[in-house]
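Those letters in the sequence shown? Residues 0 to 255, per numbering that gives the first Met the number 0, in order. Remarks on the structure that follows.
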Amino acid sequence: MSSGGRDRVDITGVGIDRVDLDGAARAVAELAARAPVSEPAVPAAAYVCTPNAEILMEAQKDVLLKRILNEADLVVADGAGVVLAARLLGHGRIPRAPGFDLVRTLFSDAGAYPLSFYFLGGRPGVAEAAALRIAENYPGVRVMGWHDGFFSEDDEPTLIEGINESGADVLLVALGAPKQEKWIYRNREKLRAPVCIGVGGTLDIFAGTATLAPPSFRARGLEWLYRLYREPWRARRMLRLPQYVLFTLYWRFLRR
Ligand code: UDP
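And the structure:
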């Protein structure tokens, strides 16, 4: 699958970009370099999705989610399950670019990617704590503002005004998937930030309210196992992972 200069593979009906972390960071910087959203020149914010296998499984039942993923400007393989699915479908090895690592690359390479950010999401206090820790750990990264992720629809116009007034290049939306993807999609014509990224629980990790799986787990693609241990209540939802592996085999061998 190749369109608009993108090299994508079709994974159960969703186009995933064959990019590694550096490629993804460069693509975000290119999207952010576009002018801020303003009718009619740039009608909507670009957006980046970071799906894992759970979300690809959900997209089979949720037509809107599938459309949102397929209309995104960049879709990276967040989890080992997506990489496995690509192999089972005969696409060979595709690179992984987890959302957290993508954001960390943008922060740690602030010289190469001089971007400014707005953080939206997490429980009250989380986005602010993340901003403070990032200021300490990643000098050079400009965080223009933040807001927690528990707001009502009535609050949205004021919230979006605040985001737009901040002048941030990149809006990180951490409302959990697929809520964040749907929020971005619904509001992309009102947001002036050139690019939005759905980043799940990433702000919790930067804030220190959640921990990243140890490197030995990450290297083996076992983040899901660590997560199951830390957040056992997610077990039901995580059943979508083996379900998705079976679905991938069905997609390849039995679907007519
Ligand atoms: N969250 C939020 N608003 C909501 C629901 C969730 O800001 O209405 C936040 C929550 O506090 C957490 C993140 O969204 O920081 C969800 O993280 P999770 O790891 O569950 O996301 P996933 O990786 O499943 O997309």
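Each residue gets a CB set at the ideal place from its N, CA and C atoms; glycine is no exception.
Reduced DSSP secondary structure (H/G/I, E/B, other) of residue i
i           : result
residue 220 : coil
residue 77  : coil
residue 92  : coil
residue 147 : coil
residue 251 : helix
residue 198 : coil
residue 259 : No statement about residue 259 is possible, as the shown extent of the chain runs from 0 to 255 and does not include it.
residue 140 : coil
residue 36  : coil
Start and end residues, beta strand (DSSP E) containing residue i
i           : result
residue 119 : 115–120
residue 170 : 169–173
residue 9   : 5–10
Residue j beta carbon less than 9 Å from that of residue i
i           : j           : result
residue 148 : residue 174 : yes
residue 80  : residue 243 : yes
residue 134 : residue 168 : no
residue 88  : residue 52  : no
For residue i, the first and last residue of its enclosing alpha helix (DSSP H)
i           : result
residue 100 : 98–107
residue 161 : 155–165
residue 16  : Premise fails: residue 16 lies in the beta strand (DSSP E), 13–16, not in any alpha helix (DSSP H).
residue 185 : 178–186
Residue i: CB within 8 Å of a non-hydrogen atom of the ligand UDP
i           : result
residue 179 : yes
residue 216 : no
residue 103 : no
residue 127 : no
residue 147 : yes
residue 174 : yes
residue 160 : no
residue 222 : no
residue 153 : no
residue 235 : no
residue 191 : no
* Decide yes or no for the touch test of the region 125–140 against the region 102–113: beta carbon pairs closer than 8 Å, at least 3 of them. => Yes, the region 125–140 touches the region 102–113.
* Is there contact here, the region 176–193 with the region 55–66, by at least three beta-carbon pairs under 8 Å? -> Yes, the region 176–193 is in contact with the region 55–66.
* Touching or not, the region 95–105 and the region 123–133, by the rule of three or more beta carbon pairs under 8 Å? -> No contact exists between the region 95–105 and the region 123–133.
* Determine, using beta-carbon pairs with one atom in the region 12–31 and one in the region 65–77, whether at least three such pairs fall under 8 Å. => Enough Cβ pairs lie closer than 8 Å, so yes.
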